[in-house]
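This report refers to the structure that appears directly beneath it.
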Amino acid sequence: MGHPHPVPAPALATTSPVEGLRRRRLGFLEVLAQSVAVLAPTAALVTVPALVATAGGSLTVPAFAAAGSLMVLVAWSVRHAARRMAAVGGVYSYCARGLGPVAGVVCGWSLVVAYAALAVSSCVGAALYASALVGWAQHPCVVAVGVVVVACGVGLVAARGVQLSARLVLALEAVSLTLVLVLLGVLVVRGGPQAGATEPAGAVVVDALPTPGGAALALVLAVTAFMGFESSSVLGVESRRPLLFVPRAVLWTPAVGGVVLLVGAAAQMALLREAPVAVLLSGAPLDGLVRAEAGGPLPSLLDAAAAAAFVACTSGAVTALVRVLFSMGREGVLPAALGDVHPVTGTPVRALLTALPLVALVPVVALLAGAAPRAVLSGAVTVAAFGSLLAYALVSAAAPALLRRIGELTPAPLVVGVLASTSCAALLLVAAVAGPWTGGQSLALVFAALVVPGVARVVWLRRRHPERLARAGVYDEPTRRSVL
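Here the working numbering is used: the first residue of the sequence shown is 1440, the next is one more, and so on.
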């Protein structure tokens, strides 16, 4: 009997579409560090609970629980796509493959806006707390100088490669989160500062029953504490086991981070209930609690922890921003130069050199024009929230669509995807029109203006270069060199 003819192997490409990146270098902790850094639980604990409390009152803790639950649903949807493709564009690439290139590019541009705005906010936060740590006046000019220093430091680390950046941000976040949780524990044991006889206590705000608009606004603000949990998806190419490590990091970050944020928010609400209401409305209530009650070196420890957390968040946001720009440049959706990679470090150097000056320039111009540092911080976070919610709505719808295209759709991903997508879209609408949010409508217009270039680019590509638009959503593919 003759030997059967061998079945020909499928043709493999000579190079991957994302050739140049240092592939398969990052372990699970380094991939996880990316999501943890951008979510930045320490920075969120320092800033977000008081914002939620002023809008949501007695529903502050439930708002965090609801926001965490929604983000876990979004993460579960993203996880299905992350288990099936390793993409440097992350959520952008998943959306392009699930809903098509037009929706994908809109999602990608929303992520660019979100990551850039988050980097701006974190830069300002790092400079703000660092200036407080060294005893300098928190004047806008001083903070502007700090922004430049933080941006340059983050850029130097990012240029050396994502592995060094991931290890650094994991160490910074671990130390800073430990410090903040310890400080909260000390304050809870001591009971926190008490309002004087003539001072209204924070319970006036914390225990108040919010209006329906205030409750919706509190939920929107609570969601800002979870932004960036999906950013580890941009390391799909550089992870050693992308189809395992990335889905785990995407799902674990909002789940575990949500528990930490919920506990931290509950502790702060208990402390602020007895503190003077002026502390709650100060813009930095945790800082006020520590200075009023603890004293000694503890306020400096809080400043150091917050500054470190904001630096880590800046680094993670820049890493995610640069890789989305790299992916869009490599596809031809954006200028091809953005897809260039440094031959030694494997860093998307052109994308980094394009993004980082803008991240530093925008807050510096705003600060030198007279804007208050905390106003710049909160405004940038708000713009980032709009971009994140739009991207989450699109990718939650894209995940079941992608599963349907490859014949693997089951009822559970469909139900969760539809629920998460409609919820994020509803929150985006609330964020745009919520009346109680001072400046909310104007910041919605700022976000809309920032999205216009991305939409215009899609229209131009559809008319002039549809073949480039069709390439949106490239992912890592096996090559001849990667098999025996």
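Just so it is clear, CB atoms sit at the ideal spot from N, CA and C, and this is done for glycine as well.
For residue j and residue i, the rounded distance between their alpha carbons
i	j	result
S1721	G1727	8 Å
F1749	D1779	28 Å
L1616	A1743	11 Å
P1782	A1706	49 Å
F1886	V1857	25 Å
L1791	G1594	8 Å
G1912	A1472	24 Å
T1663	E1906	36 Å
L1572	A1597	25 Å
A1464	A1605	In the sequence on display, residue 1464 carries Arg and not Ala. Whole-angstrom Cα-Cα distance: 12 Å.
A1794	A1647	43 Å
S1570	L1908	45 Å
V1698	L1484	12 Å
P1649	T1861	24 Å
L1656	G1735	37 Å
V1621	E1847	46 Å
F1684	V1517	13 Å
A1505	A1492	14 Å
A1531	V1601	This sequence places Tyr at residue 1531; Ala is not what is there. Answer to the nearest angstrom: the Cα atoms are 19 Å apart.
P1796	A1819	16 Å
P1480	P1892	32 Å
L1603	V1643	47 Å
V1804	L1889	17 Å
R1680	T1821	34 Å
A1654	L1498	7 Å
H1578	R1762	34 Å
V1552	L1828	12 Å
L1468	E1612	13 Å
T1877	A1723	Residue confidence is low: T1877 scores 46 on pLDDT, short of 50, so the model does not pin down where it sits. Its coordinate-derived value is still stated next. C-alpha separation (whole angstroms): 18 Å.
S1678	G1771	24 Å
Helix, strand or coil at residue i according to DSSP, with G and I counted as helix
i	result
E1458	strand
L1478	helix
L1648	coil
L1848	coil
A1465	First, the amino acid is wrong: residue 1465 is Leu here, not Ala. If DSSP states are grouped into helix, strand and coil, L1465 belongs with the strands.
T1877	At T1877 the pLDDT is 46, less than 50, meaning the model places this residue with poor confidence and gives no usable figure here.
Outcome for residue i when other beta-carbon atoms lying within 10 angstroms are tallied against a minimum of 16
i	result
C1863	buried
S1508	exposed
P1839	buried
T1849	exposed
L1866	buried
A1556	buried
G1809	exposed
W1548	buried
V1625	exposed
P1488	buried
L1719	buried
A1746	buried
R1536	buried
S1881	exposed
C1931	Because the chain is modelled from 1440 through 1923, residue 1931 falls outside the range shown and cannot be assessed.
A1895	exposed
A1583	buried
G1519	Residue identity check: residue 1519 is His in the sequence provided, not Gly. Buried: at least 16 other Cβ atoms inside 10 Å.
Own chain residues within Cβ distance below 6 Å of residue i, not counting five before or after
i	result
A1558	T1753, A1756, V1757, V1798
V1788	H1781
L1609	A1472
W1575	V1581
A1694	V1511
A1661	V1491, A1502, F1503, A1506
Residues near residue i in its chain [Cβ-Cβ closer than 7 Å; skip 5 each side]
i	result
W1515	L1690, V1855
C1534	A1542, G1543, C1546, L1833, V1834, A1837
V1676	V1457, L1460, R1462, A1525, V1527, D1915
G1768	P1774, A1775, A1776, L1777, G1778, A1790
S1739	L1572
Below-9 Å beta-carbon distance, residue i vs any chain B residue
i	result
G1696	Protein chains in the displayed structure number just one, and chain B is not present.
Same chain only: Cβ atoms within 8 Å of residue i, ignoring 5 sequence neighbours per side
i	result
A1883	F1825, A1870, A1871, V1872
C1580	L1806, L1807
A1759	Q1473, V1477, G1529, L1550, Y1554, G1667, S1670, V1673
Taking the runs of the alpha helix (DSSP H) that are 4 residues or longer, which of them lie wholly in the segment 1680 to 1749? 1681 to 1713, 1716 to 1719, 1724 to 1728
Only counting runs of 4 or more residues, tell me where the alpha helix (DSSP H) segments fall wholly within the segment 1532 to 1597, in order along the chain. 1540 to 1572
Jot down the residue ranges of each uninterrupted alpha helix (DSSP H) in the segment 1750 to 1820, minimum 4 residues, whole runs only, in chain order. 1788 to 1807
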